[in-house]
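Per this note's numbering, residue 369 is the first one in the sequence shown, and the count goes up by one each step.
Below you'll find the structure, written out as structure tokens, and then a few comments.
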Amino acid sequence: MSEIKCSVESLTAFNDSVYHVVLRPEQAFEYQAGQYLMVKMSDDDKRPFSIASAPSDGDLIELHIGASERHSYPMQVIEKMEQQQEITILAPHGDAQLVHDNQRPIILVAGGTGFSYIRSILRQLVATNDPRQVTIYWGCKDLHHFYLLEEAQQIADANDNVELVPVVENTSSDWQGVTGLVHHAILDRFNDLSNHEIYAAGRFEMVGAIRDAFLGQGMKIEHMHGDALAYLK
369 MSEIKCSVES LTAFNDSVYH VVLRPEQAFE YQAGQYLMVK MSDDDKRPFS
419 IASAPSDGDL IELHIGASER HSYPMQVIEK MEQQQEITIL APHGDAQLVH
469 DNQRPIILVA GGTGFSYIRS ILRQLVATND PRQVTIYWGC KDLHHFYLLE
519 EAQQIADAND NVELVPVVEN TSSDWQGVTG LVHHAILDRF NDLSNHEIYA
569 AGRFEMVGAI RDAFLGQGMK IEHMHGDALA YLK
């Protein structure tokens with residue numbers, strides 16, 4: 369793990385609550401799909417964010433940061449980047465990276481900006497022509513919270529082994545797809561999860577609910593990956 373200065377190549381808003389950040393590190397560093405970095409606010413204040421890009425994407429690093437006036441913790445990071453146009457990161461971090469040593473079908477499940485974690489994994493799988501079946505379940509409260517739905521659908525359309533299932537929690541006349549909680553949609557479809565590799569990201573309580581429910585559907589705990597798991601009892 370290294371401390372690396374980065375210039376802010378771009379900082380734009382996907383919507384009213386998610387920012388797209390592109391960083392250019394002063395020195396390239398190696399990381400694996402599914403890892404994260406720490407933004408250094410001060411010597412004793414370092415804040416974690418999933419790397420949304422994949423190693424196959426090149427030297428630029430993408431972040432998707434959920435931030436608004438109501439969420440000061442991430443908003444302070446956005447403001448620091450806007451003001452200084454540079455940031456120091458510590459990277460890489462995390463043990464929930466893409467596993468290559470098996471041929472089990474993969475389920476990528478995300479809530480909200482947890483999509484940044486599974487996007488890194490998805491892009492690496494596609495770039496390396498990984499033949500495993502990949503099913504993406506992305507859950508958001510409302511339709512407008514899907515900030516990169518078109519990109520995800522394009523990837524699914526271009527790869528026969530990739531399927532995208534967006535899940536909207538709040539019902540709406542504008543949405544004719546799957547509704548409800550994202551992990552319930554998976555449970556309704558897969559009666560047996562014993563032979564699947566699961567990658568999950570979102571709020572801690574969501575990942576905890578996914579873990580508990582999927583274990584009841586046969587999932588082996590060693591087949592589940594997500595940084596939140598290290599903090600859950």
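From the three backbone atoms N, C-alpha and C, an ideal C-beta is built for every residue, glycine too.
Contact annotation: Ser488 and Ala401 have beta-carbon atoms nearer than 7 Å. Val575 places its beta carbon 7 Å or farther from that of Thr481. Rounded to whole angstroms, the separation of the alpha carbons of Ile419 and Val533 is 22 Å. Inclusion of Leu428 and Val390 in the CB contact set at 7 Å is warranted, their separation being smaller than that value.
For the segment 454-513, the continuous alpha helix (DSSP H) assignments of 4+ residues that do not extend past its boundaries occur at 483-495, in sequence order. By the criterion of a C-beta distance shorter than 7 Å, Tyr399 is surrounded in its chain by Ile419, Pro423, Ala459, Pro460, once the five residues flanking it on both sides are discounted. For the pair of segments examined, the segment 561-574 was found to touch the segment 465-478: the number of CB pairs separated by less than 8 Å reaches three. Cβ-Cβ separation between Phe397 and Ser378: approximately 20 Å, too far for a contact (criterion under 8 Å). Within the same chain, Cβ atoms closer than 6 Å to the Cβ of Phe483 are found at Trp506, the five residues on either side in sequence being excluded.
When DSSP states are grouped into helix, strand and coil, Ser370 belongs to the strand group. By the Cβ neighbour-count rule, Arg557 is exposed, with fewer than 16 other Cβ atoms within 10 Å of its own. With fewer than 16 neighbouring CB atoms inside 10 Å of its own CB, Phe572 falls in the exposed class.
In the structure shown, Asp425 adopts helical secondary structure according to DSSP, grouped into three states. Per DSSP, the continuous alpha helix (DSSP H) segment holding Met574 begins and ends at 572-584.
Relative to Phe514, the option among Lys373, His432, Cys374, Val407 whose CA is nearest is His432.
The shortest CA-to-CA distance from Asn563 to any of Gln444, Gln544, Met449, His591 is the one to His591.
Per DSSP, reduced to three states, the secondary structure at Leu379 is strand. Excluding its 5 nearest sequence neighbours in each direction, Glu450 has C-beta neighbours in its own chain below 7 Å: Leu379, listed in chain order. Between Ile372 and His388, the alpha-carbon positions lie close to 20 Å from each other. Boundaries of the alpha helix (DSSP H) harbouring Met449: 440-452, taken from the DSSP string. Contact check for His551 against Ile589 fails: the beta carbons are separated by 7 Å or more.
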